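Novice: Take the sequence shown: its position 170, counting from 1, is numbered 170 in full-length UniProt numbering, and each next residue is one higher.
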Amino acid sequence: MNDVYPGQSNQREALASEFTDPYILKSFAPWDKEKRRETYRVDFIPLEKIPVWSPSGDSSCKPRYKVNEELNKKISLFSGDITKLEIDAVANAVDGAIHRGAGPLLRKECATLNGCETGEAKITGAYGLPAKYVIHTVGPIVHDSVGDREEQALRNCYYNCLHTATKNHLRTVAFPCISTGVYGYPPDQAVEVALRTVREYLEQNHEKLDRVIFCVFLKSDRELYETMLPAYFPRGSPPKSKL
Numbered sequence: 001m002n003d004v005y006p007g008q009s010n011q012r013e014a015l016a017s018e019f020t021d022p023y024i025l026k027s028f029a030p031w032d033k034e035k036r037r038e039t040y041r042v043d044f045i046p047l048e049k050i051p052v053w054s055p056s057g058d059s060s061c062k063p064r065y066k067v068n069e070e071l072n073k074k075i076s077l078f079s080g081d082i083t084k085l086e087i088d089a090v091a092n093a094v095d096g097a098i099h100r101g102a103g104p105l106l107r108k109e110c111a112t113l114n115g116c117e118t119g120e121a122k123i124t125g126a127y128g129l130p131a132k133y134v135i136h137t138v139g140p141i142v143h144d145s146v147g148d149r150e151e152q153a154l155r156n157c158y159y160n161c162l163h164t165a166t167k168n169h170l171r172t173v174a175f176p177c178i179s180t181g182v183y184g185y186p187p188d189q190a191v192e193v194a195l196r197t198v199r200e201y202l203e204q205n206h207e208k209l210d211r212v213i214f215c216v217f218l219k220s221d222r223e224l225y226e227t228m229l230p231a232y233f234p235r236g237s238p239p240k241s242k243l
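1. Inspect the beta-carbon positions of residue 246 and Ala165 and report whether they are closer than 8 Å.
2. For the region 43-55 against the region 198-205, do three or more pairs of beta-carbon atoms, one drawn from each stretch, fall closer than 8 Å, so that the two count as touching?
3. Nearest CA to the CA of Asp88: which residue from Tyr127, Glu150, Val182, Lys108?
4. List the DSSP bridge partners of Gly125.
5. Considering only C-alpha positions, which residue in the set Leu71, Val191, Met228 is nearest to Glu151?
6. For Arg171, which option in Ala93, Lys132, Glu117, Ala102 has the closest C-alpha, if you only look at C-alpha atoms?
7. May I have a chain-ordered list of the alpha helix (DSSP H) segments no shorter than 4 residues that lie completely inside the region 50-79?
8. Does the region 66-78 come within contact of the region 106-126, defined as at least 3 CB pairs closer than 8 Å?
9. Candidates Arg64, Glu34, Ser79: which alpha carbon is nearest Ala174's?
10. Below 7 Å CB to CB, which residues in the same chain sit around Ile141 once its five sequence neighbours on both sides are set aside?
11. What does DSSP give as the partner residues of Arg211 in its beta bridges?
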């Protein structure tokens with residue numbers, strides 16, 4: 001994957017020489033999966049253990065897009081720790097858990113990125129995490145109410161993370177709930193931005209991604225996704241029984 005770090009190969013080699021822990025080599029050497037697993041600093045959940053999303057019941061939301069079962073197969077809703085996902089990339093929106101799981105070299109590489117503006121996305125190795133890469137983004141802060149500027153900035157976070165993933169030939173990516181919590185973005189509005197952006201991106205780039213995982217921690221966030229997913233990724237009607 002030669003184009004993952006344009007212009008950063010010398011920096012990466014220099015940083016690597018400062019550490020002797022074997023786990024850091026995961027981001028530099030083309031190890032197979034079993035050997036990489038020996039370097040993980042956290043437990044892992046392989047992609048095959050993350051089910052494709054399916055509706056849990058009838059939704060009151062009116063579909064906003066046409067049924068596309070090929071796109072539906074690319075969506076997962078996962079409740080749990082994003083740092084444990086053994087996939088190509090996890091998005092990081094100021095999450096200390098990702099830095100703790102990845103180890104000290106992640107923070108050191110982040111220092112070489114010259115910052116990350118709101119809505120931008122930048123990629124680094126994932127080091128001690130089961131994921132191969134971390135895509136960093138910065139979500140907008142909402143003080144009172146969401147305006148066009150904040151909504152566009154949040155959309156940019158999701159779009160630029162997806163674009164960074166596909167540009168680097170990464171086919172599976174997981175997102176946390178960006179900008180909710182202390183950043184103040186209302187969760188119900190944030191979910192709609194996330195789903196709309198991912199849906200529109202997949203319609204144009206479906207062949208470049210195998211799975212997009214919405215990773216939630218709070219029960220309330222899961223309920224929001226379960227409510228809104230059928231609007232953006234509607235299912236077809238099941239066949240009627242002939243009996």
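Glycine residues also receive a C-beta, built at the ideal position from the N, C-alpha and C atoms.
These numbers were taken from a predicted model, which means no experiment stands behind them.
Specialist: In short:
1. In the structure displayed, the chain extends from 1 to 243; residue 246 sits before or after that span and is not available.
2. As far as the Cβ criterion goes, the region 43-55 does not touch the region 198-205, which means the pair count is below three.
3. Counting from 1 along the sequence shown, the entry for residue 88 is found at position 88. Of Tyr127, Glu150, Val182, Lys108, the smallest CA-CA separation from Asp88 is found for Tyr127.
4. Start at 1 with the first residue of the sequence shown, and residue 125 comes out as number 125. For Gly125, which the question treats as bridged, DSSP gives the partners Tyr133.
5. For the purposes of this step, residue 151 is taken as residue 151 along the sequence shown, with counting starting at 1. Of all alpha-carbon atoms in Leu71, Val191, Met228, the one lying nearest the alpha-carbon of Glu151 is that of Val191.
6. Taking the first residue of the sequence shown as 1, we reach residue 171 at position 171. Comparing Cα-Cα distances from Arg171 to each of Ala93, Lys132, Glu117, Ala102, the minimum goes to Lys132.
7. DSSP runs (the alpha helix (DSSP H)) wholly in the region 50-79: 69-72.
8. Touching, no.
9. Residue numbering aside, residue 174 sits at position 174 when the sequence shown is read from its first letter. For the set Arg64, Glu34, Ser79, the Cα lying nearest the Cα of Ala174 is the one of Ser79.
10. Locating residue 141 in the sequence shown gives position 141, where the first residue counts as 1. Non-local beta-carbon contacts of Ile141 in its own chain, meaning distances under 7 Å to residues more than five positions away in sequence, involve Tyr183, Gly184 in chain order.
11. For the purposes of this step, residue 211 is identified with residue 211 of the sequence shown, where counting begins at 1. In the DSSP assignment, Arg211 forms a beta bridge with Thr172.
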